[in-house]
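Only one structure is covered here, and it is reproduced in the block below.
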Amino acid sequence: MMKRISLLLAFLISSIVFAQKIATKVFDRPTYSILVPEIWKVMDNNEIVNIFPDNQIGAITISEYHDLALPESETKKFILALYRSTDEESKIKSRSGKKGYTEYSYEYFDEKEKLYWTTKVFQKEKDLYLITINCKEKYWNGNYMSLFNETFNSFKIKK
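Going by numbering that gives the first Met the number 0, 103 is the number at position 104 of the sequence shown; the sequence numbering is gapless.
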């Protein structure tokens, strides 16, 4: 009986410890917002924002373009060209997103640099938001992958 209570108590304590979330802060721009782990750094150059942990094992980059004359028929080619990828356009998923934006998503592994890349593009008429994660291969697992993806997926367009 004592073993069961000890086991149950150990299970409850470990689930509470591992269920804790890392504190976040909102990085807010006039056109979008994103939740960022409080301990990460944000470098804002107006048009390009980089978000990264102290050890700089990777980053989330957000680029915002307005009055960009890129036809939607060329967007997938544009995404592949960013990585000089030889992948087929069919590897890029697209869907109608919220607020009238078409959302594109693409994952790429750079064999030479040993970097994982995850990309989302939101495009509506002449507005385009490019959000990428790059992370060194040896860190792309467990907690870092979760933190990068949670931050990446918290990106919200305001207009």
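Using N, Cα and C, we set each Cβ at its ideal position, and we do this for glycine too. None of these values were measured; they are calculated from a predicted model.
*What is the DSSP secondary structure of Thr74, counted as helix, strand or coil?*
Here residue 74 refers to the residue found at position 75 of the sequence shown. Thr74: helix per DSSP, three-state reduction.
*Whose C-alpha, out of Arg28, Lys76 and Val48, is nearest the C-alpha of Thr131?*
As a first step, residue 131 is located in the sequence shown; it is residue number 132 there, counting from the start. The option with the nearest alpha carbon to Thr131 is Val48.
*In terms of DSSP beta bridges, what is Arg94 paired with?*
Within the sequence shown, the letter at position 95 stands for residue 94. The partner list for Arg94 (beta bridge, DSSP) reads Glu102.
*Below 8 Å on the Cβ atoms is my guess for Tyr105 versus Ile78; work out the distance and round it to an integer in Å.*
Residue mapping note: residue 105 aligns to position 106 of the sequence shown, counting from 1. Residue mapping note: residue 78 aligns to position 79 of the sequence shown, counting from 1. The Cβ separation is near 5 Å, so the contact holds.
*Among Ile38, Glu136 and Asn140, the one whose alpha carbon lies nearest that of Lys111*: On the sequence shown, position 112 is the one that residue 111 refers to. For Lys111, the nearest C-alpha among the options comes from Glu136.
*Could you tell me if Gly57 is buried or exposed, where buried requires 16 or more neighbouring beta carbons within 10 angstroms of its beta carbon?*
Residue numbering aside, residue 57 sits at position 58 when the sequence shown is read from its first letter. Gly57 should be labelled buried.
*How would you write the range of the alpha helix (DSSP H) that Tyr143 sits in, first residue to last?*
Position 144 of the sequence shown, counted from the first residue, corresponds to residue 143. Its alpha helix (DSSP H) spans residues Gly141 to Asn152.
*How big is the Cα-Cα spacing for Ser32 and Gly99?*
Along the sequence shown, one-based indexing puts residue 32 at 33. Along the sequence shown, one-based indexing puts residue 99 at 100. The straight-line gap from Cα to Cα measures roughly 17 Å.
*Could you name the residues of the same chain whose beta carbon sits closer than 6 Å to that of Glu102, not counting the 5 residues immediately before and after it, in chain order?*
Position 103 of the sequence shown holds residue 102. Counting only Cβ-Cβ distances below 6 Å, and skipping sequence neighbours, we find Arg94, Gly96 and Phe121.
_Any chain D beta carbon closer than 9 Å to Asn148_ = The structure shown contains no chain D; it holds only a single protein chain.
*Tell whether a beta-carbon distance below 9 Å holds between Tyr64 and Leu127.*
In the sequence shown, counting from the first residue as 1, residue 64 sits at position 65. In the sequence shown, counting from the first residue as 1, residue 127 sits at position 128. Yes, they are a contact pair.
*asked:* If distances are taken between C-alpha atoms only, which option among Thr150, Leu81 and Tyr138 comes closest to Gln55?
replied: As a first step, residue 55 must be located in the sequence shown, where it is residue number 56. Nearest option by C-alpha distance: Tyr138.
*Is Ser89 near Tyr107, with beta carbons less than 9 Å apart?*
Taking the first residue of the sequence shown as position 1, residue 89 is located at position 90. Taking the first residue of the sequence shown as position 1, residue 107 is located at position 108. No.
*Any idea if Thr118 is buried or exposed, counting beta-carbon neighbours within 10 angstroms, 16 or more meaning buried?*
As a first step, residue 118 must be located in the sequence shown, where it is residue number 119. So Thr118 counts as buried.
*DSSP-derived helix/strand/coil call for Ala239*: Any question about residue 239 goes unanswered here, given that the chain covers just 0 to 158.
*Excluding sequence positions up to five away, which residues of its chain have a Cβ less than 6 Å from the Cβ of Lys92?*
Translated into the one-based positions of the sequence shown, residue 92 becomes position 93. For Lys92, where only same-chain residues beyond five positions count, the Cβ hits under 6 Å are Ser104.
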